[in-house]
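Chains as they are written, first to last, in the numbering used here: chain A, 1 to 319; chain B, 320 to 612.
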């Protein structure tokens with residue numbers, strides 16, 4: 001079991017920016033488009049080294065995404081980087097029509113997602129992005145869990161033959177994977193095994209799921225932990241195996257439960273192999289004032305919250 | 320994905336080269352004939368499908384005929400050639416005008432037009448680049464084509480490509496704020512390879528543009544966003560050819576093409592209801608007659 005409780009934690013924007021810069025040195029087609037978000041996307045270094053290849057369209061998200069689609073049409077590999085709430089909310093129709101429906105190979109990079117902006121309030125939270133984008137066809141949705149997976153996602157997205165959405169964690173997370181952990185379209189990574197309950201988590205919640213598993217192991221409850229970086233396409237084989245081999249499934253995400261990871265897993269299981277579930281996330285409400293850490297606690301998105309849900313399933317679930 | 324009509328495509332390419340070298344009056348005569356044929360084809364297509372946006376189609380056809388007939392360096396035999404010019408029809412509801420123009424140039428067989436708007440046809444009511452060669456981005460919701468065109472022009476600049484980019488905008492469409500975001504970006508980056516063409520017919524779906532939300536002084540708006548403005552009669556192929564010329568300074572160019580919605584059929588001209596009305600059996604005869612005069 002990975003020891004995560006006291007581990008060093010990281011803001012994944014650094015890994016994002018470093019990997020993007022490394023890619024840009026290798027491939028002159030790599031460009032960045034941002035909306036006055038050079039600092040918040042951690043792209044100051046990129047701008048210093050490749051000033052011509054960092055296009056700042058100013059505070060204009062519809063233009064941001066459309067320009068990205070045009071750059072892709074022109075043969076570039078654009079990374080369109082902006083705060084996730086504005087990228088996905090303001091420019092949703094551009095994401096649908098110009099990127100996904102037009103199959104323009106744009107890498108959409110949602111920065112500071114979930115409730116990372118904490119006290120700035122629900123206008124700046126991006127808990128809806130997974131629900132909105134799951135409704136758009138032909139758009140992989142990637143939620144890396146740590147710096148290593150962020151690097152892998154950046155490199156994968158640059159050369160995947162279709163557009164994608166990367167949700168780059170800002171809330172500090174420990175390393176849960178290693179640089180040689182495979183990263184493939186629609187493939188999850190199992191981080192811990194157990195026979196009783198499965199926890200399927202994404203992004204910031206993955207390390208908390210591991211902590212929960214550790215806590216439950218002490219009580220003799222075996223927990224399988226799956227890092228589900230691809231919300232779309234979902235790793236259906238891993239979900240179905242978990243449904244068959246364990247008593248119940250907990251999902252955990254820093255997003256509204258209306259249509260994200262939990263909804264994807266529930267839809268799959270309800271129509272194939274119904275299984276007791278607990279869906280952890282933000283209920284359909286606007287968050288109160290508080291820091292990101294406070295809000296995660298407030299909505300029970302903690303190791304304890306995950307452990308409590310798993311314990312219920314271990315007690316109730318029938319194999 | 321549809322594929323080229325090889326004979327027609329080769330004919331188109333050689334004719335375009337001939338027209339580029341020909342005296343302007345010769346080129347204009349040929350473009351007039353092309354526009355006329357495109358209008359007649361479009362009329363039949365809309366009548367057959369009982370669906371379309373014929374008013375806006377007829378307003379933009381002379382613009383598209385001039386672009387495809389002479390100006391654009393595009394190749395139906397190699398529609399994805401990296402250095403091709405890009406032409407984006409942002410007013411995607413006039414897909415009928417684009418489809419009939421592309422078919423005339425051999426991007427796909429003319430016979431395919433019979434499938435327009437039929438179940439499973441690649442010719443949707445709005446253009447789809449994954450199905451129709453020559454379409455650069457999927458448009459339909461207004462205010463989308465322009466930012467994409469800015470991206471195309473930026474890519475050409477970064478790559479040192481000779482590619483030019485044209486985006487054709489409806490005038491009512493300019494009420495969408497995304498266009499002004501794009502205009503500001505193009506002005507800021509000095510994208511001189513970019514031309515925005517405004518199909519200024521003065522009407523939008525429900526009423527006159529000026530009665531809906533005022534666009535004037537339109538030229539001043541573009542100038543203030545850092546653009547060079549050229550105003551022309553959008554049905555005069557000679558004026559359009561001159562406006563689309565490549566020689567320019569360090570600014571993008573906006574061609575405000577003054578047009579008439581429904582141009583070519585007297586009872587459709589400048590009539591708001593012909594935005595998406597379909598001719599009756601009596602009207603189709605009258606329209607055919609006017610378009611063959």
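Beta carbons are placed, not taken as given, at the ideal position from N, Cα and C, and that holds for glycine.
Here the structure is a predicted model, which means the values were calculated and not measured.
Secondary structure, alpha helix (DSSP H): runs of 4+ residues fully inside the segment 283-308 of chain A: 292-298
Partner residues on chain B for residue 52/A, Cβ-Cβ distance less than 7 Å: 477
Per-residue contacts from residue 463/B into chain A (C-beta, under 7 Å): Neighbours of residue 463/B in chain A, taken as residues whose beta carbon is under 7 Å from its own, are 66, 94, 97, 98 in chain order.
Of the residues 477/B, 456/B, 597/B, the one placed nearest residue 467/B, counting alpha carbons only: 456/B
Cβ neighbour criterion (16 or more within 10 Å) applied to residue 286/A: With fewer than 16 other beta carbons inside 10 angstroms of its own, residue 286/A counts as exposed.
Cβ neighbours of residue 532/B in the same chain (closer than 6 Å, five flanking residues each side left out): 494
Simplified DSSP state of residue 466/B, which is helix, strand or coil: helix
For residue 123/A and residue 289/A, the rounded distance between their alpha carbons: 11 Å
Neighbour flag for residue 405/B against chain A, beta carbons, 8 Å: yes
Cβ shell of residue 53/A (< 6 Å), same chain only, five flanking positions each side left out: 31
Straight-line Cα distance separating residue 260/A from residue 164/A: 16 Å
Sheet register partners of residue 161/A (DSSP bridge): DSSP, once it has assigned bridges, lists no residue as partnering residue 161/A.
When 51/A, 297/A, 37/A are compared against residue 25/A, the one with the closest alpha-carbon: 51/A
C-alpha gap between residue 320/A and residue 158/A, whole angstroms: No answer is possible for residue 320/A: it lies beyond the span of chain A, which begins at 1 and ends at 319.
Residue 586/B to residue 491/B span [Cα, whole Å]: 22 Å
Distance, residue 197/A Cα to residue 318/A Cα: Because residue 318/A carries a pLDDT of 49, less than 50, the predicted location of this residue cannot be relied on, and the following value inherits that uncertainty. Those two C-alpha atoms are separated by around 11 Å.
Close-in-space but distant-in-sequence residues of the same chain around residue 473/B (CB under 8 Å, 5 per side omitted): 508, 510
Distance CB(residue 362/B)-CB(residue 436/B) smaller than 8 Å: no
Span separating the alpha-carbon of residue 612/B from that of residue 574/B: 29 Å
Min CB distance residue 319/A to chain B below 8 Å: Confidence is the limiting factor: at residue 319/A the pLDDT is only 47, short of 50, which leaves the residue's position unreliable, though a coordinate-based value still follows. False, the Cβ-Cβ gap to chain B never drops below 8 Å.
Per-residue DSSP class, three states only, for residue 518/B: strand
Test: residue 448/B CB closer than 8 Å to a CB of chain A: yes
Three CB pairs or more closer than 8 Å across the segment 162-182 of chain A and the segment 298-314 of chain A: no
Same chain, Cβ closer than 8 Å to residue 1/A, five either side skipped, listed in chain order: Unreliable positioning characterises residue 1/A in this predicted model, as indicated by a pLDDT of 40, which lies under 50. The coordinate reading is nonetheless provided below. Once the five neighbours on either side are set aside, the close Cβ partners of residue 1/A are 192, 210, 213, 214, 217.
Unbroken alpha helix (DSSP H) run spanning residue 556/B, endpoints: 556-562
Any 3 or more C-beta pairs closer than 8 Å across the segment 56-75 of chain A and the segment 29-44 of chain A: yes
Residues of its chain near residue 135/A, where Cβ-Cβ distance is below 8 Å and the 5 sequence neighbours each way are ignored: 259
Alpha-carbon spacing of residue 154/A relative to residue 91/A, whole angstroms: Residue 154/A and residue 91/A: Cα-Cα distance of roughly 21 Å.
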